[in-house]
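S.K.:
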């Protein structure tokens, strides 16, 4: 974590070095800077020059003098003070920070609003504001956003609009929240109206604002809305920008900004089709023909062609409309510039990806010779060698007849040199060598050599990590989610619950005579049994008793939750002696007449309150049932466990019998019974005593 200090702290350290250690002003400043840097303090926003305190005082005095014009009429003196403030802010970010802390932002806004009839003063105020907020966009507030949007109307003065657009650009750089607030304030509608008007005086600044609104350069925000902003701006302005490109296709300065803006807005495939349908490919071809020697415009043409090649139909139409020779010629002319050469190789790789017809046309346009010449001209440029490997691989992967020609140009030797020189480009180099048909040593990076496969497995230098060593990002929930995949909902899995009731009857293998494909065939049957004893109902809550909408999302950071209960009884005070029971120094209190008397106070225990508050606390009240103001949730009841089937009443009822449909006879197997002895009449005779 970076430590920060105030300007006053730094000035006090310099003063201490000068007074206590007898250092010169230069030595005192140098020593203070060394001390704070050793402690890890960030001094970029601190004035570390000799006489920094006087410089800061001068800056604060200028702001105070400007603040006086809030209550009186503005004059030439106000304009001179604004110019002096701008000059102070131009010295560096540390001076702008000090001016911001002195409320210079609010003062300039008030002067700007007060000088409605003074155009020169408004321009001077805006220039001072631009200088103040350069690399300091945190000063923008709702009042400033309202002023920016209000001054972008068609009826506003073009000179004021130009400065407003420059101010808006400084507010959007490295500040995601400012961009979101401006988009939410419908600034895109104002910019679209200005684009439709097509005033070349403010067009450059207008296009710059459109590009900074889709940046994602704020490290303080985890997830920005750059793609969504690009979509909103493209829907509203892409058609107007295409028309302006046709209108100013001979103006090199405006053409460069227009093409740069179009390439930044092509974030979806339908936007590529929109540019093609409006004649954008023909205009790009014409621009490349007219500005063949202009390296910046050619580079932007390569970028916009690469963006259009993201759509498969546009990719084919670009080559069909004859841009391949122009691309080859332009890349050959500007092969000495690293940035342009890299953009051109990116363009070739995108056009030839999975498209053998495009690869054939590029091959016939002498693109292989240009690629090899660029690789030879920039042997130490990693970006050039990487994009060249992509272009070679995409051209020959589905057109193997080109391998011989590439190998004759010395491609294999150049790729082997890159393989040995750039360790982090070995994968791309191997891919190009493989598709060229060259011998290449391919390693199985994801296969181990036996043993336990687990993320806990210890790997020595002779073993490759197995599949269990790598953890893929999850596809559910919010935390550490794979951004390239669809996010599925995440649910928790609890323990297995027991059955609500246990069926003690026979299983499905018995009594199958009436079973059909659609279930058991039987008429409605009702039974009347004796009334069972009352059972105690199950007192547990049902599913509808829970408020699902209040449940927090899984694996998301959430603030701590505290419960508020009733007020507890007060505890007895401490019985230990207070500070006033001890002897205090004689220099405290009015005891020594020749010394300063400091205050002497005693501290006792806390006395109990006279009465106890018995009113209910916030937790005493029940929350409002959401079923009263939302769609009612489904309610289910959970019954008690019923008694067993054989547990009937004392008297048999109709349900004790089992009526069935008439059917074929059935037989049952019972137990073997004992046969009763045969009794005759003689057995009934009385016994004779002998």
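Residue numbers (the working numbering): 250 to 939. Cβ atoms here follow ideal geometry from the backbone N, Cα and C, with glycine treated the same way.
#1: What residues are listed by DSSP as bridge partners for residue 764?
#2: With residue 345 and residue 370 assumed to form a contact (beta carbons below 8 Å), what rounded beta-carbon distance in angstroms separates them?
#3: Could you check the C-alpha separation between residue 440 and residue 362 for me, to the nearest Å?
#4: Should the stretch 267-280 be called in touch with the stretch 306-320, which here means at least 3 C-beta pairs below 8 Å?
#5: Which of the three DSSP states is assigned to residue 874 in this structure?
#6: Grab me the residues of residue 655's own chain with a C-beta within less than 7 Å of its C-beta, minus the 5 sequence neighbours each way, in chain order.
#7: Going by C-alpha to C-alpha distance, which of 663, 672 and 670 sits closest to residue 687?
#8: Which partner residues does residue 737 have in the DSSP bridge list?
#9: Helix, strand or coil: how does DSSP classify residue 263 here?
#10: Does the beta-carbon of residue 816 have 16 or more other beta-carbons within 10 angstroms, so that it is buried, or is it exposed?
#11: When you compare each of 373, 259, 480 and 294 to residue 280 by their alpha carbons, which one comes out closest?
#12: What span of residues does the alpha helix (DSSP H) with residue 394 cover, start to end?
#13: So, for residue 204: in the same chain, excluding its five sequence neighbours on each side, which residues have a beta-carbon less than 6 Å away from its beta-carbon?
#14: Buried or exposed, going by whether 16 or more other CB atoms sit within 10 Å of the CB of residue 551?
#15: Whose C-alpha, out of 880, 875, 876 and 813, is nearest the C-alpha of residue 865?
#16: Compute the Euclidean distance between the alpha carbons of residue 860 and residue 469, then round it to the nearest angstrom.
#17: Give a yes or no on whether the C-beta atoms belonging to residue 417 and residue 397 are separated by under 8 Å.
#18: If you follow the alpha helix (DSSP H) that residue 942 is part of, which residue opens it and which one closes it?
#19: Any idea which residues DSSP pairs residue 252 with across the strands?
#20: Near residue 254, which residues of its chain fall below 6 Å by C-beta distance, leaving aside the five closest residues on each side in sequence?
#21: For residue 478, which of helix, strand or coil comes out of DSSP?
#22: Could you have a look at residue 687 and say whether DSSP puts it in helix, strand or coil?
#23: Tell me whether residue 342 is buried or exposed, calling it buried when 16 or more other Cβ atoms sit within 10 Å of its Cβ.
#24: Between 558, 621, 295 and 430, which has its C-alpha nearest residue 390's C-alpha?
#25: Helix, strand or coil for residue 386? Go by DSSP, reduced to three states.
#26: Please report the straight-line C-alpha distance between residue 536 and residue 497, rounded to a whole angstrom.
#27: Mind checking residue 548: buried by the 16 CB within 10 Å criterion, or exposed?
#28: Taking the alpha carbon of residue 444 as the point to measure from, which residue in 882, 453, 373 and 489 has its own alpha carbon closest?
#29: DSSP three-state call for residue 249: helix, strand or coil?
#30: DSSP on residue 731, reduced to helix/strand/coil?
#31: Alpha carbons only, please: which of 267, 304 and 511 is nearest the one belonging to residue 556?
#32: Rounded to whole angstroms, how far is the Cβ of residue 524 from the Cβ of residue 515, which I believe are closer than 8 Å?
#33: Nearest to residue 486 by alpha carbon, out of 293, 442 and 651?
#34: Classify residue 404 as helix, strand or coil using the three-state DSSP reduction.
M.R.: Reading from the atomic positions:
#1: For the purposes of this step, residue 764 is taken as the residue at position 515 of the chain shown. Answer by DSSP bridge pairing, in chain order: 769.
#2: Taking the first residue of the chain shown as position 1, residue 345 is located at position 96. Taking the first residue of the chain shown as position 1, residue 370 is located at position 121. No, residue 345 and residue 370 are not in contact; Cβ-Cβ is about 21 Å, not under 8 Å.
#3: Here residue 440 refers to the residue found at position 191 when the chain shown is read from its first residue. Here residue 362 refers to the residue found at position 113 when the chain shown is read from its first residue. Using only the alpha carbons, I get a separation of about 22 Å.
#4: no
#5: Within the chain shown, numbered from 1, the residue matching residue 874 stands at position 625. DSSP places residue 874 in coil when its eight states are reduced to three.
#6: Indexing the chain shown from 1 puts residue 655 at position 406. So the qualifying residues of the chain are 617, 641, 645 and 685.
#7: Numbered from 1 along the chain shown, position 438 holds the residue referred to as residue 687. Minimum Cα distance to residue 687 is reached at 663.
#8: Numbered from 1 along the chain shown, position 488 holds the residue referred to as residue 737. The partner list for residue 737 (beta bridge, DSSP) reads 725.
#9: On the chain shown, residue 263 is found 14 positions in, with the first residue counted as 1. Residue 263 falls in the helix class under three-state DSSP.
#10: The count along the chain shown starts at 1 and reaches residue 816 at position 567. Residue 816 should be labelled exposed.
#11: For the purposes of this step, residue 280 is identified with residue 31 of the chain shown, where counting begins at 1. The residue with the shortest Cα to Cα distance from residue 280 is 259.
#12: In the chain shown, the residue the question calls residue 394 occupies position 145. Start and end: 391-399.
#13: For residue 204 there is no data in the structure shown, the boundaries of the chain being 250 and 939.
#14: The residue you call residue 551 lines up with position 302 of the chain shown. Classification of residue 551: buried, given that the 10 Å Cβ count is 16 or more.
#15: In the chain shown, counting from the first residue as 1, residue 865 sits at position 616. Selected option, being the one with the closest Cα: 813.
#16: Translated into the one-based positions of the chain shown, residue 860 becomes position 611. Translated into the one-based positions of the chain shown, residue 469 becomes position 220. Residue placement at residue 860 is flagged as unreliable, the pLDDT there being 48, under the threshold of 50; the coordinate-derived value follows with that caveat. Distance between the alpha carbons of residue 860 and residue 469 is about 51 Å.
#17: As a position in the chain shown, residue 417 is number 168, starting the count at 1. As a position in the chain shown, residue 397 is number 148, starting the count at 1. Going by C-beta atoms, residue 417 is nearer than 8 Å to residue 397.
#18: Residue 942 lies beyond the stretch modelled for the chain, which goes from 250 to 939, so this question has no answer here.
#19: Position 3 of the chain shown, counted from the start, is the residue given in the question as residue 252. According to DSSP, residue 252 bridges with 290.
#20: On the chain shown, residue 254 is found 5 positions in, with the first residue counted as 1. Counting only Cβ-Cβ distances below 6 Å, and skipping sequence neighbours, we find 290.
#21: On the chain shown, position 229 is the one that residue 478 refers to. Helix, per DSSP.
#22: In the chain shown, the residue the question calls residue 687 occupies position 438. Coil, per DSSP.
#23: As a working note, residue 342 is residue 93 in the chain shown. The residue in question, residue 342, is exposed, as its Cβ has fewer than 16 Cβ neighbours within 10 Å.
#24: Translated into the one-based positions of the chain shown, residue 390 becomes position 141. Of the listed residues, the one whose Cα sits closest to residue 390 is 430.
#25: Start at 1 with the first residue of the chain shown, and residue 386 comes out as number 137. Helix at residue 386.
#26: Within the chain shown, numbered from 1, the residue matching residue 536 stands at position 287. Within the chain shown, numbered from 1, the residue matching residue 497 stands at position 248. About 10 Å.
#27: Here residue 548 refers to the residue found at position 299 when the chain shown is read from its first residue. Classification of residue 548: buried, given that the 10 Å Cβ count is 16 or more.
#28: As a first step, residue 444 is located in the chain shown; it is residue number 195 there, counting from the start. Here the closest residue by C-alpha is 489.
#29: The structure shown has nothing for residue 249, since the chain only spans 250 to 939.
#30: Counting from one through the chain shown, the residue named residue 731 turns up at place 482. It is coil, neither helix nor strand.
#31: What you label residue 556 is simply residue 307 of the chain shown in a count that begins at 1. Among 267, 304 and 511, the Cα nearest to that of residue 556 is on 511.
#32: Position 275 of the chain shown, counted from the start, is the residue given in the question as residue 524. Position 266 of the chain shown, counted from the start, is the residue given in the question as residue 515. Contact flag correct, Cβ pair sits at about 7 Å.
#33: Translated into the one-based positions of the chain shown, residue 486 becomes position 237. Minimum Cα distance to residue 486 is reached at 442.
#34: Here residue 404 is taken as the residue at index 155 of the chain shown, counted from 1. Reduced to three states, the DSSP call for residue 404 is coil.
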